[in-house]
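Colleague: What the sequence shown shows, in my numbering, is residues 4 to 70, in sequence order.
Where is the CB? At the ideal position from N, CA and C, for every residue including glycine.
This one's a predicted model, so the numbers in the text were calculated from it and none came from an experiment.
This structure is in structure tokens; I'll ask about it shortly.
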Amino acid sequence: SRQGDHLAAKDFIEHVKRFRNIGLLRETGQVYASHISHEGIMEHSKYDEYAESQGYRIAFDGLSITI
């Protein structure tokens, strides 16, 4: 993990895996990353597609989640 106050995607993925492995997050639990840098080169739909393949999703303005 790098120093600073933001996680890179690879670090976020590792945290999600660790949470699932230790039972903090169920396999069916949904995780959304927020506060994503606008400096990336991927548009939201492409980034979300990548994120979903890694076990999480990318939050967006207006996202509504029913729990």
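Given a threshold of 16 other Cβ atoms within 10 Å of its Cβ, counted over all protein chains shown, does Phe63 qualify as buried or as exposed?
Modeller: Locating residue 63 in the sequence shown gives position 60, counting from the first residue. Exposed, because fewer than 16 other Cβ atoms sit within 10 Å of the Cβ of Phe63.
Colleague: From which residue to which residue does the alpha helix (DSSP H) around Ser48 run?
Modeller: Against the sequence shown, residue 48 aligns to sequence position 45. Its alpha helix (DSSP H) spans residues 47-56.
Colleague: Reducing DSSP to helix, strand and coil, say where Ile16 ends up.
Modeller: Along the sequence shown, read from residue 1 onward, the residue named residue 16 stands at position 13. In the structure shown, Ile16 sits in a helix (DSSP, three-state: H, G or I).
Colleague: So for Arg29, helix, strand or coil by DSSP?
Modeller: To locate residue 29, count along the sequence shown from 1; it is residue 26. Coil.
Colleague: Alpha carbon to alpha carbon, how far is Ile70 from Phe15? Give it in angstroms, no decimals.
Modeller: Numbered from its first residue, the sequence shown carries residue 15 at position 12. Numbered from its first residue, the sequence shown carries residue 70 at position 67. If you take the alpha carbons of Phe15 and Ile70, they lie about 22 Å apart.
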